[in-house]
Amino acid sequence: MKKIKKVIISILSLCTCICLLASCAKSKDEANSIAIVDGKSIAKQSFDKELEFYLAFYTKKYGDSYLESKNAKGKTNKEILRDDLLDSMIKDQVMLNDLADKKIEIDDNTANKLRSDMEKELGDKNSLKANIKALNMSEADFSDVIFNDSIRKMHYEYFLTHNKIKDSEILQYYKANEELHKMYKYNVLVFDTKEACEEVKAKIKNQVDFRQALKSPVKNFDVINSDFVYIDDPLLVKSKLKEKDKVSDIFEDNNKFMILMINSYNENENELLMQTKDKYLKDAYDDYLNKLVKSAKIKVFI
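In structure tokens, the structure reads:
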């Protein structure tokens, strides 16, 4: 902090000194925070730890060059991830503040359940620990990440039990939107290079060839097996497909080259209505959360 030179004290200079001292004290707080949301600070240390986790996760998942790859606007995946994490942590604090305002107790039960679900998905506790170690994370840092996830889950569950949306409203929405009346499941062959993709595509003349490629024990590509999705799914849109058992042309996504085929539809109305309800509630929740964010007093320091 720069030393303030001695000057003749006047009312004006006294006010200036007070402002400068307040500013310096404030800057120390800001140095330890990435943002303040309605008076609650988000620690820079927490942001750095979570960013380190996600950087390691995506590097492990997509390779060493992934983070430095740029999108069409010239922004690296690392920069995008950093911006997304900042937005996410601000929303987390908004959620925490909202839960506190509504006298909802924050405990470790939801976080513990999330951890247990991850252990089951990976096989057992040791498998989860091995994955944490592979990401160069401590147990404490991983627990912090899981706790943040649990806040999101608790806030959404609160919304589900306190919203005033009626089933009749959802049914009307379903009937008015034809794109909700069918869902699609697909497989994608994912290649690192266009040349490798073109070589395999030349051998795929029909749906049988595509399925044989999926089953091949030796592959130079990754495979994406989707859940049921709507027609506006990003990869479906890029594939330009709507019909089952048709093979797409080669298309590019996230610096990968892909071939897609729709393998089945879901036209069961009861199941589609349940999916529509989930979608409608999630969209309504997003609107609710966005209104909370817009009404919050937020200062960002990075």
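Read in order, the letters of the sequence shown are residues -27 to -1, 1 to 275 in mature numbering (1 follows the signal peptide of the UniProt record, and there is no 0).
We put the beta carbon where it would ideally sit given N, CA and C, even for glycine.
In the three-state reduction of the DSSP assignment, Asn263 falls in the helix class, which pools H, G and I. Looking at Lys250, Ala269, Asn136, the one whose alpha-carbon comes closest to that of Tyr146 is Lys250. Per DSSP, reduced to three states, the secondary structure at Thr49 is strand.
Separation of the CB atoms of His128 and Leu72 is rounded to 6 Å, and the pair is thereby assigned contact status at 8 Å.
In this structure, DSSP gives Met234 an extended state, which the three-state scheme calls strand. The C-beta of Ile275 has fewer than 16 other C-beta atoms within 10 Å across all chains shown, which makes the residue exposed. The Cβ neighbour count for Ser111, taken over all protein chains shown within 10 Å, is under 16; the residue is labelled exposed.
Residue environment for Met247: exposed (fewer than 16 other C-beta atoms within 10 angstroms of its C-beta). Inter-residue distance for Leu69 and Ala175 is about 53 Å (C-alpha atoms, whole angstroms). Of Lys51, Met62, Asn82, the smallest CA-CA separation from Ala16 is found for Met62.
In the structure shown, the three-state DSSP call for Asp81 is coil. When rounded, the separation of the alpha-carbon atoms in Val67 and Asp205 is 30 Å.
When the beta-carbon positions are compared, Leu233 and Leu208 come within less than 8 Å of each other. With a cutoff of 8 Å on beta-carbon distance, Tyr238 and Lys178 are scored as not near each other. At a Cβ-Cβ threshold of 8 Å, Leu162 and Val196 count as neighbours.
If only uninterrupted alpha helix (DSSP H) runs of at least 4 residues are considered, those enclosed by the stretch 123 to 174 are 140 to 149, 167 to 174.
Relative to the Cα of Phe164, the nearest Cα in the group Lys192, Ala149, Asp182, Lys34 belongs to Lys192. With a beta-carbon spacing of about 6 Å, Asn109 and Ala29 fall inside the 8 Å limit used to define contacts. The Cβ atoms of Lys137 and Phe201 do not sit closer than 8 Å to each other. In the assembly as shown, Asn5 is an exposed residue. Its beta-carbon has fewer than 16 other beta-carbons within 10 Å.
In terms of CA proximity to Ile124, Ile77 leads the group Ala149, Ile77, Glu168. Here the C-alpha atom of Lys34 lies approximately 33 Å from the C-alpha atom of Lys272. Secondary structure note for Asp182: it is in no beta strand (DSSP E), and the uninterrupted alpha helix (DSSP H) holding it is 180 to 188.
Here Val173 is buried: its Cβ has 16 or more other Cβ atoms, across all protein chains shown, within 10 Å. Out of Leu254, Phe230, Asn236, the CA that lies nearest to the CA of Ile143 is found in Leu254.
Judged by their CB atoms, Asp11 and Lys213 are not nearer to each other than the 8 Å cut-off.
Put simply, the backbone Cα of Phe20 is about 19 Å away from that of Lys126. Listed in chain order, the alpha helix (DSSP H) runs fully inside the stretch 8 to 66 are 17 to 35, counting runs of at least 4 residues. When DSSP reads this structure, Ser221 sits in no beta bridge, so it has no partner.
In the displayed model, Ser111 falls within coil according to three-state DSSP, outside both helix and strand. Per DSSP, the unbroken beta strand (DSSP E) holding Lys272 starts and ends at 271 to 273.
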